[in-house]
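Right, one structure below, let's go through it.
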Amino acid sequence: MSRTFAQRLLRWFDQHGRKHLPWQNPITPYRVWVSEIMLQQTQVDTVIPYFERFMQSFPSVKHLAAAPIDEVLHHWTGLGYYARARNLHRCAQMIVDEYAGEFPQDVNILAELPGIGRSTAAAIASIAFEQPTAILDGNVKRVLARHSAIAGWPAQPKVAEQLWRIAESHMPKKRCRDYTQAIMDLGATVCTRARPKCALCPVAEDCIALAEDNTTAYPGKKPAKDKPVKRAYFLLLQAPNGDILLERRPPQGIWGGLWCLPELPVEQPLETHLAGYGELKGTERWEGWRHTFSHYHLDIQPVLVKLAKRPVGIMEEGRHLWYNLRQPAAVGLAAPVKTLLQKLSKPRQVNLL
DNA sequence: AATCCGGGGAC
DNA sequence: GTCCCAGGATT
């Protein structure tokens with residue numbers, strides 16, 4: 286075996302790598318950065334339309350830095366992990382204010398910026414600036430855990446340390462951008478989670494997991510925990526003209542900074558709470574569903590409440606918003622809220638309970 | 001070291 | 001249904 290891991294991988298990349306993703310044409314530090322943040326814990330096919338819309342609205346880091354946070358969150362609606370959008374916005378302002386609008390090229394400086402950790406910093410440095418900095422994302426963890434037969438769950442510090450060391454040992458000094466893209470492409474298209482295509486793999490000849498015929502054992506699985514279930518009413522409080530009341534959530538916690546429907550724990554009596562809104566023209570309980578987060582389930586019970594009058598006095602400026610269904614405000618919405626507002630716009634598809 | 005933070009695609 | 005994805009911040 287004369288060729289190194291990187292040489293074999295790069296040769297494979299020249300023939301089979303992905304070279305037409307939106308953020309690869311053209312490659313700029315800004316576009317690489319935005320794509321890397323969007324791609325954190327999010328699959329490529331999901332990101333592509335978000336990236337295109339984002340670049341249309343915020344074509345440069347200066348445009349992004351100058352935009353209102355609500356507009357940034359609006360472009361993030363449905364993508365999840367909304368702290369990414371807030372960090373992205375903060376980071377853009379830091380780049381404009383402290384770095385004259387130019388991205389720092391040093392990986393250690395990049396890694397100190399909000400939302401940029403060790404792996405994302407290395408991705409930006411290698412892809413945008415051709416520096417020999419190794420990434421370690423989900424794809425790379427899977428490729429390396431199999432190739433070197435590293436047992437255990439990658440979040441364990443000892444396992445992570447081994448994987449980082451191996452990742453850096455394979456990183457070549459030249460073609461750094463292509464190498465980073467290559468090892469991600471290998472994980473995404475060949476060394477897949479289920480049924481890896483080892484016959485097509487350029488580094489199969491010294492892959493220990495394949496030699497053991499045990500590729501699916503790597504990487505080790507995180508011990509599963511059962512998720513708690515929470516239940517809540519989602520109140521669609523509708524003014525006489527059809528507008529729906531939204532509340533802004535606090536910046537920390539679930540759906541931070543997004544606009545949501547008023548929530549009411551199911552333990553609280555609905556009727557008592559609704560008495561605070563004055564005279565009602567009627568209520569409808571809609572069909573509920575289970576929304577699952579990474580760490581708990583939320584059973585959502587929507588209730589449409591038609592108000593006789595638009596309430597006064599309960600509104601706090603900046604924290605409440607009457608949402609016009611025909612002229613939607615450009616703000617960030619939690620995914621279930623967006624779903625409900627869309628159902629409300631198409632009354633025929635509403636299922637009553 | 002463990003937890004929090006979303007939503008959706010693949011199976 | 002489960003798993004996990006171009007992870008990072010917080011405690």
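So for the first sequence, our numbering puts the first residue at 286; every next one is plus one. Beta carbons are placed, not taken as given, at the ideal position from N, Cα and C, and that holds for glycine. Here the structure is a predicted model, which is why all the values come from computation and not from measurement.
query, result
"Can you tell me which of the three DSSP states Val357 falls into?", "helix"
"Taking the alpha-carbon of Ala434 as reference, which of Ala614, Gly423, Leu448 has the nearest alpha-carbon?", "Leu448"
"Exposed or buried, Ser404, counting other C-beta atoms within 10 Å across all chains shown (16 or more means buried)?", "buried"
"Enumerate, from N- to C-terminal direction, the unbroken alpha helix (DSSP H) stretches of 4 or more residues contained entirely within the segment 325–406.", "329–342, 346–351, 354–361, 368–383, 392–395"
"Less than 7 Å between the C-beta atoms of Gln537 and Ile529, yes or no?", "no"
"What is the residue span of the beta strand (DSSP E) that Asp584 lies within?", "582–592"
"Would you report the Cα separation of Leu531 and Tyr608, rounded to the nearest angstrom?", "7 Å"
"For Phe298, count neighbouring C-beta atoms within 10 Å of its own C-beta (all shown protein chains included) and say buried if the count is 16 or more, exposed if not.", "buried"
"State buried or exposed for Val514, treating a residue as buried only when at least 16 other CB atoms are found within 10 Å of its CB.", "exposed"
"Out of Arg534, Ala517, Gln309, Ile539, which one is the CA nearest neighbour of Glu552?", "Ala517"
"Using a 10 Å radius around the Cβ and a threshold of 16 neighbouring Cβ atoms, would you call Ile312 buried or exposed?", "exposed"
"When DSSP labels each residue in this structure, what does Pro442 get in the three-state scheme?", "helix"
"Select from Pro596, Pro587, Gly603 the residue whose C-alpha is nearest the C-alpha of Leu625.", "Pro587"
"Quick check on the DSSP output: what are the complete alpha helix (DSSP H) runs of length 4 or more inside the segment 513–567, in order along the chain?", "555–559"
"Looking at the secondary structure, which residues open and close the beta strand (DSSP E) in which Arg575 lies?", "574–577"
"Would Phe339 be called buried (16 or more neighbouring beta carbons within 10 Å of its own) or exposed?", "buried"
"Please say whether Ile493 and Gly400 have beta carbons closer to each other than 7 Å?", "no"
"Can at least three beta-carbon pairs, one atom from the segment 375–392 and one from the segment 429–444, be found at a separation below 8 Å?", "no"
"Less than 8 Å between C-beta atoms, sequence neighbours within five positions excluded: which residues of the same chain meet that for Tyr503?", "Arg427, Ala430, Arg431, Ala434, Ile435, Ala436, Ala494"
"Pair every Cβ in the segment 553–570 with every Cβ in the segment 288–307, then say whether three or more of these pairs are closer than 8 Å.", "no"
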